[in-house]
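There are 2 protein chains.
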Amino acid sequence: MSLSPYNVPARTIMTPGPVEVDPRVLRAMSSSILGQFDPSFTSLMNDTMDLLREVLQTKNHWAYPIDGTSRAGIEAVLCSVIEEGDRVLIPSFGRFGYLLMEICERCGADVHFLSCEWGEVFDPEEIIKEMKRVRPKIVAMVHGDTSTGRMQPLKDVGYACRENDCLLIVDAVATVAGTEVKTDEWNIDGLITGTQKCLSVPSGMAPITYNERIEEIILERKAVERGIATEEQLLSRNVDRRIRSNYFDLSQLQDYWSPARLNHHTEATSMLYGLYEGLRLIIEEGLEERYKRHRLHERALISGIHAMGLSLFGNSSVKMPMVTCVSIPEGIDGDSVRGMLLQEFGIEIASSFGPLQGKIWRIGTMGYSCQKRNVLLTLASLEAVLLRHGVKLKTGDGVQAAMDTYQSVEQR
Amino acid sequence: MSLSPYNVPARTIMTPGPVEVDPRVLRAMSSSILGQFDPSFTSLMNDTMDLLREVLQTKNHWAYPIDGTSRAGIEAVLCSVIEEGDRVLIPSFGRFGYLLMEICERCGADVHFLSCEWGEVFDPEEIIKEMKRVRPKIVAMVHGDTSTGRMQPLKDVGYACRENDCLLIVDAVATVAGTEVKTDEWNIDGLITGTQKCLSVPSGMAPITYNERIEEIILERKAVERGIATEEQLLSRNVDRRIRSNYFDLSQLQDYWSPARLNHHTEATSMLYGLYEGLRLIIEEGLEERYKRHRLHERALISGIHAMGLSLFGNSSVKMPMVTCVSIPEGIDGDSVRGMLLQEFGIEIASSFGPLQGKIWRIGTMGYSCQKRNVLLTLASLEAVLLRHGVKLKTGDGVQAAMDTYQSVEQR
């Protein structure tokens with residue numbers, strides 16, 4: 001059994017998450033512990049809610065993290081809203097649409113699944129037509145699906161959902177803080193994100209936000225837990241409609257995040273330090289500036305990939321700016337390339353899932369990982385590794401093209 | 001909106017969690033990020049499993065953390081095992097017995113609840129008799145309930161459960177690494193602990209372990225998730241018996257923690273760094289040494305409390321060594337005392353729940369918080385604050401008695 005302290009090897013992380021974290025966030029996470037009801041800690045909770053509202057572009061009162069990884073946030077929102085037999089429409093354009101289906105089914109929903117070819121997204125009208133036909137209580141969908149690198153326009157869908165009295169719940173795990181996500185303006189009722197992507201905080205928390213339409217359902221299903229409930233609260237509990245999970249029960253969680261501070265779990269202290277600092281750095285950078293940065297490094301990366309003679313996967317008009325899917329050249333073992341990149345150059349890029357496994361590499365440019373140095377090192381190393389794998393390339397051109405892109409912007 | 005970096009105020013934390021964390025653990029948590037499938041990270045996952053088996057005193061193959069706070073671990077084990085209508089017997093001696101009831105009910109269990117007076121625990125024979133009468137599939141109970149500071153002897157219960165083909169699932173959140181918890185020897189089938197108590201790691205993970213008896217049930221209910229399942233796996237899924245939660249589905253989680261590394265969530269990188277280092281420090285100290293340390297500081301604290309003229313709550317023969325419940329003197333506002341302790345001395349102690357609210361203070365001596373300095377500072381400060389609240393005390397005697405206890409051990 002190993003008893004040595006663990007030493008993290010040096011890495012440049014260019015996957016769609018988890019991504020590199022600003023040293024200021026890591027330092028914040030090494031601060032000493034506070035009690036969960038310490039006034040200084042509850043202030044930090046409130047300040048984190050403020051920052052989250054700003055980053056999620058919402059006036060919703062409820063905006064707080066679930067203590068778990070991204071899918072914990074997705075399950076918390078869905079299982080708090082969905083009751084046995086509720087109809088849910090899931091338009092899916094990649095793996096994470098299946099995850100929504102999986103979670104909704106387990107919540108007892110009557111799932112209507114609409115899929116499109118991987119690499120494409122939906123014409124909003126197609127979703128709206130299906131919504132009008134199925135008349136679901138909820139439309140649940142992914143904003144940016146990292147498995148294919150595509151991003152679904154949501155504005156028209158959101159407008160139609162509101163018009164038709166249908167809830168729109170969006171998994172924006174991969175897009176928040178990397179590109180425009182307008183919770184309120186797009187009429188999104190419930191939205192989930194994750195810490196380990198463009199927020200650039202370690203994995204382990206899932207910030208969510210939801211509006212009064214969702215809160216209303218949650219409050220109808222509220223059942224304060226035994227052990228802290230008053231006699232009166234116990235008697236008035238609507239046990240039949242009670243949310244099936246205790247950990248993910250948003251009616252209890254919002255009490256914990258309210259001035260009542262009704263005891264639920266013990267908030268993850270160090271993760272909250274990290275989340276606060278990560279959000280603070282986002283607001284300090286400015287949302288617009290941050291989106292612009294993600295687009296710039298995407299452009300440099302793409303120009304390099306093209307100049308090397310490689311091609312991209314998927315419909316470029318709906319590409320996520322923070323994920324670039326590169327087609328693996330015919331006859332090349334994609335995992336062997338990734339392995340050599342990691343082992344010899346300490347650079348990590350990702351493969352994909354299902355039908356795309358072995359077909360594409362996915363290069364992430366998210367949060368703190370989204371910087372010039374990382375893009376240039378990745379292009380240079382990828383060229384070297386592909387040459388070693390016998391791929392015919394325009395040597396030297398990839399990095400030069402990216403440098404040209406940067407220079408053209410800097411000279412402006 | 002606050003945009004300043006957050007600064008943690010200086011605190012001495014003497015609650016039953018979250019508790020102080022060794023600076024070595026905090027430093028480990030500030031290490032840079034690794035991808036979840038990086039070979040160095042998957043090695044760390046395996047090493048953490050090794051250390052967990054050692055600390056949980058088990059030969060079980062499965063021993064890994066759930067990414068969530070303690071109750072996430074409890075819910076994960078219970079919801080993976082319990083199916084609609086399963087009979088569960090819950091002998092409860094405090095608030096956290098109610099939590100088990102709450103979670104089991106939400107899982108659809110037919111709950112049989114057995115309670116005893118707060119401050120006492122059960123005669124094991126009483127539990128065994130009830131188990132034989134009710135014939136449950138599962139006995140679920142708490143080992144040490146911090147709400148009352150009592151600890152239930154489990155050996156006889158475990159033996160009887162195994163004899164009667166009943167599963168024993170134990171919430172040992174507050175006791176592991178602070179006192180003897182013998183998973184295998186006591187015939188515990190599933191056990192959950194938390195990071196923020198005697199493991200002395202920040203809140204946010206819940207290590208669990210379970211044996212083949214539980215694994216068998218989980219595998220029967222296994223349903224690989226859409227999006228990563230093969231056609232064949234999809235066709236063979238037992239959808240009716242499928243575990244209701246995706247996030248807490250142990251059949252998927254154990255695939256993720258196996259060499260297959262089947263993608264589920266994105267493991268909480270920094271928390272795992274912290275958990276590994278925390279477990280490593282426990283093994284370095286030695287389990288026996290660590291239990292002895294917890295008993296020593298408990299003894300010093302108790303001698304100080306008694307010498308001050310205060311009295312303890314509950315049956316002392318079944319007291320948890322890491323939680324000391326002090327009766328609040330007649331006519332004194334317990335929260336006012338706690339507030340002054342925090343505000344003037346930067347020391348945090350806890351109140352309690354339900355029938356004990358306003359009746360007792362709970363002083364924790366857990367993990368890194370369990371040290372001489374903390375005990376002496378707490379006694380000195382408590383005396384000062386009580387004097388300010390008009391309590392008649394034997395001034396000076398509390399700290400002197402604790403110092404005597406330490407000296408008598410050091411001179412041996």
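So the sequence lines, in the order shown, correspond to chains A and B. Its first residue numbered 1, the first sequence is counted upward by one per residue in the UniProt record's numbering. Its first residue numbered 1, the second sequence is counted upward by one per residue in the UniProt record's numbering. Idealized CB from N, CA, C, for every residue including glycine.
Check                                                                                                                                                                                                         : Outcome
Return the CA-CA distance between residue 363(A) and residue 149(A), expressed in angstroms with no decimal places.                                                                                           : 10 Å
Are any of the Cβ atoms in chain B nearer than 9 Å to that of residue 424(A)?                                                                                                                                 : Summary: the structure shown does not reach residue 424(A), with chain A confined to residues 1 through 412, and so no result is reported for it.
Report, in whole angstroms, the separation of the C-beta atoms of residue 108(B) and residue 84(B), which I expect to be a contact under 8 Å.                                                                 : 4 Å
Alpha carbon to alpha carbon, how far is residue 321(B) from residue 295(B)?                                                                                                                                  : 6 Å
Short check: CB of residue 349(B) to CB of residue 377(B), under 9 Å?                                                                                                                                         : no
Note down the Cα distance separating residue 141(B) from residue 360(A), rounded to an integer number of angstroms.                                                                                           : 49 Å
Whose CA, out of 3(A), 47(A) and 6(A), lies closest to the CA of residue 275(A)?                                                                                                                              : 47(A)
Is residue 171(B) close to chain C? Criterion is C-beta to C-beta, closer than 9 Å.                                                                                                                           : Absent here is chain C; the protein component of the structure consists of chains A and B.
Could you check whether the region 210–225 of chain B touches the region 243–263 of chain B, counting it as contact only if at least three pairs of C-beta atoms, one from each stretch, sit closer than 8 Å? : yes
Look at the Cβ atom of residue 20(B), then the Cβ atom of residue 270(A), and state whether they are nearer than 9 Å.                                                                                         : no
The beta strand (DSSP E) spanning residue 110(B) covers which residue range?                                                                                                                                  : 110–115
Look at the alpha carbon of residue 420(B) and the alpha carbon of residue 367(B), and state the distance between them as a whole number of angstroms.                                                        : Nothing can be reported for residue 420(B), as the shown portion of chain B is limited to 1 through 412.
Considering just the uninterrupted stretch of the alpha helix (DSSP H) at residue 157(B), what are its terminal residues?                                                                                     : 155–163
Residue 21(B) CB to nearest chain A CB: under 9 Å?                                                                                                                                                            : yes
For the structure I just gave you, are there three or more beta carbon pairs, one from the region 8–27 of chain B and one from the region 333–346 of chain B, closer than 8 Å?                                : yes
Cβ of residue 267(B) less than 9 Å from any chain A Cβ?                                                                                                                                                       : yes
What ranges does the beta strand (DSSP E) occupy inside the region 277–345 of chain B, keeping only unbroken runs of at least 3 residues that lie completely in it?                                           : 323–327
Bridge partners of residue 118(B), per DSSP?                                                                                                                                                                  : 120(B)
Could you name each continuous beta strand (DSSP E) segment of 3 residues or more that falls completely within the region 353–386 of chain B, going from the start of the chain to the end?                   : 360–364
Can you tell me where the alpha helix (DSSP H) holding residue 414(A) begins and where it ends?                                                                                                               : This structure does not reach residue 414(A), given that chain A is present from 1 up to 412, and the question cannot be answered.
Considering only C-alpha positions, which residue in the set 164(B), 199(B), 213(B) and 163(B) is nearest to residue 179(B)?                                                                                  : 199(B)
Listing by chain order, which chain B residues have their CB less than 9 Å from the CB of residue 353(A)?                                                                                                     : 227, 228 and 263
So residue 275(A) contacts chain B; which residues on that side make the cut at Cβ distance below 9 Å?                                                                                                        : Neighbours of residue 275(A) on chain B: none; closest Cβ ~11 Å, over 9 Å.
Return the CA-CA distance between residue 181(A) and residue 197(A), expressed in angstroms with no decimal places.                                                                                           : 14 Å
For the pair the region 330–341 of chain B and the region 369–387 of chain A, tell me if three or more CB-CB distances fall below 8 Å.                                                                        : no
Going by C-alpha to C-alpha distance, which of 280(A), 263(A), 235(A) and 41(A) sits closest to residue 24(A)?                                                                                                : 280(A)
Determine, for residue 360(A), whether the minimum Cβ-Cβ distance to residues of chain B falls below 9 Å.                                                                                                     : no
Output yes or no for whether 9 Å exceeds the beta carbon distance between residue 146(A) and residue 286(A).                                                                                                  : no
Start and end of the alpha helix (DSSP H) containing residue 398(A)?                                                                                                                                          : 397–410
Under the rule that 16 or more other beta-carbon atoms within 10 Å means buried, what is residue 319(A), buried or exposed?                                                                                   : buried
Please report the straight-line C-alpha distance between residue 326(A) and residue 98(A), rounded to a whole angstrom.                                                                                       : 23 Å
Would residue 86(A) be called buried (16 or more neighbouring beta carbons within 10 Å of its own) or exposed?                                                                                                : buried
Quick check on residue 206(A): buried or exposed, where buried means 16 or more other Cβ atoms within 10 Å of its Cβ?                                                                                         : buried
Is the shortest distance between the beta-carbon of residue 341(B) and the beta-carbons of chain A less than 9 Å?                                                                                             : no
Counting pairs of Cβ atoms below 8 Å between the region 89–105 of chain B and the region 185–192 of chain B, do you hit three or more?                                                                        : no
When burial is assigned at 16 or more other CB atoms within 10 Å of the CB, is residue 246(B) buried or exposed?                                                                                              : buried
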